[in-house]
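Everything below concerns the one structure shown next.
Set out below in structure tokens:
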């Protein structure tokens, strides 16, 4: 699959990608609501034998307008692109979003991007998609533009879960911030996953019999500090069950930076420098401060047993989960 960065490659798209079916949106999280839009685009592309494309924007628009409070991204751009590839898309078009782009008119968006650049034949997006300066472009504008320029438009209604609640990225972010990774997985359709480079730590875990793979997550990540049952994917694709601590290590550190520390079950090896991923299957307990290392080790043993038990019976929730965590 091609990931096409508009700011890095000038001129037209490769001919084999022009004239396709285009899903438009930020798609942060690629959750079940997004999947309804994306699946419809894939269906149309297959039925009409056209390329399947996704147009998304980087960085997230909310981060551009409020850089002091960057958005907690459920799926950073590289992970999102891989999920979209797994779903079957031929290309992801990452368009740079800045204030100048936000100031373009809706008609300019249609003409310069959809017509001149992509030569789109079908557009699929959510019912509430707005674009152009002041959000002047909406569903009616898009439908009218399709009629004038000769491309089809499919607007997908809001996707609701089994409890009739609308699935949204903001709600999933709140669940993760509360440590409710199980309910978040139900809305995502897969286990919440982070990825980062494994870095050196103080190696205290090794001396306690619990060597850890340490990752520094972006500061905007709002994962609840605590202990989780996880699955760890190494850079070579191999998987290991484990137990992870996210937080500030109050027993051994004062004012430390937040760190994700994963104990991999049945593995010993050098992971430093590898970009690996961690998928969260269950919240075990909050982060705690212990009165010394001995009670900390006792609790870590209990955490390990609980994580092993939780992970022993897990099954994929959906095809994306099969790709990310199995």
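Residue numbers (my numbering): -1 to 324. Every residue, glycine too, gets a C-beta built ideally from N, C-alpha and C. Here the structure is a predicted model, which is why all the values come from computation and not from measurement.
DSSP three-state assignment for residue i, whether helix, strand or coil
i: residue 198; result: coil
i: residue 221; result: coil
i: residue 293; result: helix
i: residue 271; result: coil
i: residue 299; result: helix
i: residue 179; result: helix
i: residue 184; result: helix
i: residue 229; result: strand
i: residue 304; result: helix
i: residue 288; result: coil
i: residue 278; result: strand
i: residue 206; result: Here residue 206 scores only 49 on pLDDT, less than 50, and its place in the model should not be relied on; the value that follows carries that caveat. Looking at residue 206 - three-state DSSP - the assignment turns out to be coil, as it is neither helix nor strand.
i: residue 25; result: coil
i: residue 55; result: strand
i: residue 312; result: coil
i: residue 10; result: coil
Residue i: CB within 7 Å of a non-hydrogen atom of the ligand ATP
i: residue 214; result: By its list of ligands, the structure shown contains no ligand whatsoever, and the ligand ATP lies outside what it can speak to.
Supposed close pair residue i, residue j - CB separation, criterion 8 Å
i: residue 301; j: residue 241; result: 5 Å
i: residue 58; j: residue 96; result: Actually they are not in contact, since the Cβ atoms of residue 58 and residue 96 sit about 12 Å apart, beyond 8 Å.
i: residue 122; j: residue 194; result: Not confirmed; about 32 Å, so no contact.
i: residue 104; j: residue 129; result: 6 Å
i: residue 322; j: residue 172; result: That pair is no contact at about 21 Å.
i: residue 34; j: residue 21; result: The pair is not a contact, with the Cβ atoms about 10 Å apart (cut-off 8 Å).
i: residue 260; j: residue 230; result: 5 Å
i: residue 224; j: residue 245; result: 7 Å
Endpoints, beta strand (DSSP E) assigned at residue i
i: residue 15; result: Neither: residue 15 is in no beta strand (DSSP E) and is coded neither H nor E.
i: residue 211; result: 211 to 213
i: residue 2; result: 0 to 3
i: residue 261; result: 257 to 262
N- and C-terminal bounds of the alpha helix (DSSP H) containing residue i
i: residue 30; result: 30 to 46
i: residue 239; result: That residue, residue 239, is in no alpha helix (DSSP H); its beta strand (DSSP E) goes 237 to 245.
i: residue 317; result: 317 to 323
Selection from the options that minimises the alpha carbon distance to residue i
i: residue 168; options: 130, 42 and 31; result: 31
i: residue 236; options: 42, 324 and 292; result: 324
i: residue 310; options: 224, 244, 239 and 72; result: 239
i: residue 88; options: 102, 234, 165 and 2; result: 2
i: residue 135; options: 114, 100, 156 and 154; result: 100
i: residue 140; options: 114, 109 and 161; result: 109
i: residue 318; options: 188, 308, 213 and 296; result: 188
i: residue 283; options: 277, 289 and 304; result: 304
i: residue 316; options: 29, 19 and 11; result: 29
i: residue 132; options: 107, 143 and 111; result: 107
i: residue 275; options: 258, 64, 157 and 287; result: 258
i: residue 12; options: 116, 46, 162 and 221; result: 116
i: residue 98; options: 62, 262 and 220; result: 62
*Taking only runs that begin and end inside the segment 106 to 176, name each unbroken beta strand (DSSP E) of 3 or more residues, in chain order.*
120 to 124 and 150 to 154
*With a floor of 3 residues, list each beta strand (DSSP E) that falls wholly inside the segment 57 to 96, ordered by position along the chain.*
Here the runs fully enclosed are 89 to 94.
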